[in-house]
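Asks: Pasting in a structure now, in structure tokens, and then I'll have a few things to ask.
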Amino acid sequence: MSNMTERPPIMDDKPGQMSYYMFYTLLEKAHKNQEPREHSSVILIFLAVGVIIFVAVTIALGIQLVYCYRTRQIQYIIEMQDAAREKLMTEQSSSAELHSPRDLEQFIVR
């Protein structure tokens, strides 16, 4: 058997066992029927999933950043209102001129 593509001779080893020829024939048919595998489609699927996950995480982090920024702004506004209210209370105790919310607005603007 000089050539590997050459079929081995027909011979049965033992009764009940498949011959080399039959095994070789089945192996050859299986090899011919096998479709070529497309690895590029699998890579593209993984790449697409990775891009989708990256975009989702980026959007989530952006939303979180905006939320934290807005929360910090709101917290600053509340602190300023509390400071203005405290200042108003100290001045209101000394002078009873500021009673309405309009007076409070003008006081905060000053």
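Position 54, counted from 1, in the sequence shown is what full-length UniProt numbering calls 54; the numbers after and before it change by one each time, with no gaps. Every residue gets a Cβ at the ideal spot worked out from N, C-alpha and C, and that includes glycine. This structure is a prediction, so every number in the text was calculated from the model and none was measured.
Could you give the distance in angstroms between the alpha-carbon of S2 and the alpha-carbon of I45?
Replies: Translated into positions along the sequence shown, residue 2 becomes position 2. Translated into positions along the sequence shown, residue 45 becomes position 45. Residue placement at S2 is flagged as unreliable, the pLDDT there being 49, under the threshold of 50; a coordinate-derived value is accordingly withheld.
Asks: Using the Cα positions of E91 and Q81, report the straight-line distance between them to the nearest angstrom.
Replies: Taking the sequence shown and counting its residues from 1, the one referred to as residue 91 is at position 91. Taking the sequence shown and counting its residues from 1, the one referred to as residue 81 is at position 81. Cα-Cα distance, rounded: 15 Å.
Asks: Can you grab the Cα-Cα spacing for the pair A60 / T25, in whole Å?
Replies: For the purposes of this step, residue 60 is taken as the residue at position 60 of the sequence shown. For the purposes of this step, residue 25 is taken as the residue at position 25 of the sequence shown. Distance between the alpha carbons of A60 and T25 is about 58 Å.
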